[in-house]
Amino acid sequence: CVKAHLYEEAVGYLRRQYALSKSPADLRMLGLTLFYAGKSAESLAELDKWIATADPLSHSGRYMGIHAYLIAMSVPVVDSGKYLALAQKSDDAGWPRPCVDYLAGKMSAEALLELATTNDKQTEARSYIGFERVFTGYREGVEHLEWVRKNGNMHYVETDAAVAYLWREGKK
């Protein structure tokens, strides 16, 4: 996890890196790091570039639909539904489909957490529940983000996002 106070520096590095590499992986990381830095609108602009060239049915495409949907929820003028539709394109019923179903209102948070049978799945589920709730005005979402910070898989972007959000909100 990039230290929260270094996100701006990381954004600069990733902009330079992407300019040189034109790598989709670098563009994806730039988009996510902009979100960590609290720049959701800029994040979506970069993620839209990634999405335009990505296979929505790929592993990364499915997750990027989820991530972009949640980021878009934090930008009031953006239609987040287009990102949820991207995440819903896959017919694969395996994980992370239950997360997409939760975000689409097809299952409860409790039902999603019951299906999250590993720490990795708990990391993702609690992150998505937490962000969905805080971005719709429910402060109890912070409890899920706190769980992710304390117990989540430290190699997951969901953990980085939770840590950065809590840091920005003064919950260091």
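Residues are numbered in the numbering used here as their position in the sequence shown, beginning at 1, plus a constant of 52.
C-beta atoms are modelled at their ideal positions from N, C-alpha and C, and glycine is treated no differently.
Keep in mind it's a predicted model, so treat the numbers as computed, not measured.
Excluding the five sequence neighbours on either side, which residues of its own chain have a C-beta within less than 6 Å of the C-beta of residue i, listed in chain order?
i: Glu52; result: Since the first residue of the chain shown is 53 and the last is 224, residue 52 is not available in this structure.
i: Ser149; result: Checking the displayed sequence, the identity of residue 149 turns out to be Arg instead of Ser. Nothing listed; no residue qualifies.
i: Tyr65; result: none
i: Tyr180; result: Cys151
i: Phe183; result: Leu122
Taking 7 Å as the limit between beta carbons, can you name the residues of its chain near residue i, skipping five residues before and five after?
i: Leu79; result: Tyr70, Glu98, Lys101, Trp102
Could you tell me the distance, in whole angstroms, from the CA atom of residue i to the CA atom of residue j?
i: Asp223; j: Ala216; result: Sequence inspection shows Lys at residue 223; the Asp mentioned does not correspond to that position. For Lys223 and Ala216, the distance between alpha carbons rounds to 10 Å.
i: Ala156; j: Glu166; result: 17 Å
i: Leu138; j: Pro76; result: 17 Å
i: Ala163; j: Arg68; result: 43 Å
i: Asp143; j: Lys134; result: 17 Å
i: Ala214; j: Glu198; result: 7 Å
i: Leu136; j: Gly146; result: 17 Å
i: Trp219; j: Asp212; result: 11 Å
i: Lys74; j: Ile118; result: 23 Å
By the 10 Å Cβ neighbour count, where 16 or more other Cβ atoms means buried, how is residue i classified, buried or exposed?
i: His196; result: buried
i: Met206; result: exposed
i: Leu72; result: exposed
Determine the contact status of residue i and residue j, defining contact as a CB-CB distance below 8 Å.
i: Gly193; j: Arg201; result: no
i: Val127; j: Ser92; result: yes
i: Thr175; j: Tyr208; result: yes
i: Ala106; j: Gly113; result: yes
i: Tyr59; j: Tyr88; result: yes
i: Lys158; j: Pro108; result: no
Tell me which same chain residues have a C-beta within less than 8 Å of the C-beta of residue i, skipping the five on either side of it?
i: Glu221; result: Val194
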